[in-house]
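Peer 1: Mind looking over this structure? Questions follow.
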Amino acid sequence: MTATARRNSETPSTADDRRYAIRINVQIEADLVDQGRRHFSVVLTNLSITGCRFECSQPLRVPGSITLMIEGIEPIPATLVWMENGLIGAHFDEALRPTICNRIIRTLRDRADRK
8 MTATARRNSE TPSTADDRRY AIRINVQIEA DLVDQGRRHF SVVLTNLSIT
58 GCRFECSQPL RVPGSITLMI EGIEPIPATL VWMENGLIGA HFDEALRPTI
108 CNRIIRTLRD RADRK
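Structure below.
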């Protein structure tokens, strides 16, 4: 078995290469408020303690500051870091506590069990 290591001079080429936290695939409806105080409905498609990816039909400014609002969770300030084909990546201004991520996932499971 051969292991390869990235040289220090190399820079990551994709978002996947730059990730430091495990992402969990989700389907979460949320609200987003941008810098202009416009409100949008979005669907989060993955989540980690450091950021998320979501679907949004409206164009947003990248980079740009937003506030993400998920039912039952305190508002989450974040910065938009990329946008492509209706998918947008955001990095949370402060990492979420693992207990917050667990609460979000638990809430999703409870909703699915009720259906």
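So the sequence shown is numbered by the numbering used here: it starts at 8 and just counts up by one.
Even for Gly, the Cβ is constructed at its ideal location relative to N, Cα and C.
What you are looking at is a predicted structure, and each value in this text was computed from that prediction instead of being measured.
(1) Quick check on the burial criterion: 16 or more other C-beta atoms within 10 angstroms. Buried or exposed for residue 9?
(2) How many whole angstroms separate the CB atoms of residue 95 and residue 85, which I take to be in contact at a CB cut-off of 8 Å?
(3) Considering only the alpha carbon of each residue, which of 34, 41, 32, 104 lies closest to residue 80?
(4) Counting only runs that start and end within the stretch 35-73, where is the alpha helix (DSSP H) found for 4 or more residues in a row?
(5) How should residue 29 be labelled, buried or exposed, when 16 other C-beta atoms within 10 angstroms of its C-beta is the threshold for buried?
(6) Taking the alpha carbon of residue 92 as the point to measure from, which residue in 118, 65, 71 has its own alpha carbon closest?
(7) In this structure, what does DSSP give as the bridge partners for residue 75?
(8) Given a threshold of 16 other Cβ atoms within 10 Å of its Cβ, counted over all protein chains shown, does residue 60 qualify as buried or as exposed?
(9) So, with DSSP's three-state summary, where would you put residue 109?
Peer 2: Reading it off the structure:
(1) Bear in mind that the predicted position of residue 9 carries a pLDDT of just 30, short of 50, making it unreliable; the figure below should be weighed with that in mind. So residue 9 ends up on the exposed side.
(2) Actually they do not touch by this definition, with Cβ atoms about 10 Å apart.
(3) 104
(4) none
(5) exposed
(6) 65
(7) 39, 83
(8) buried
(9) helix
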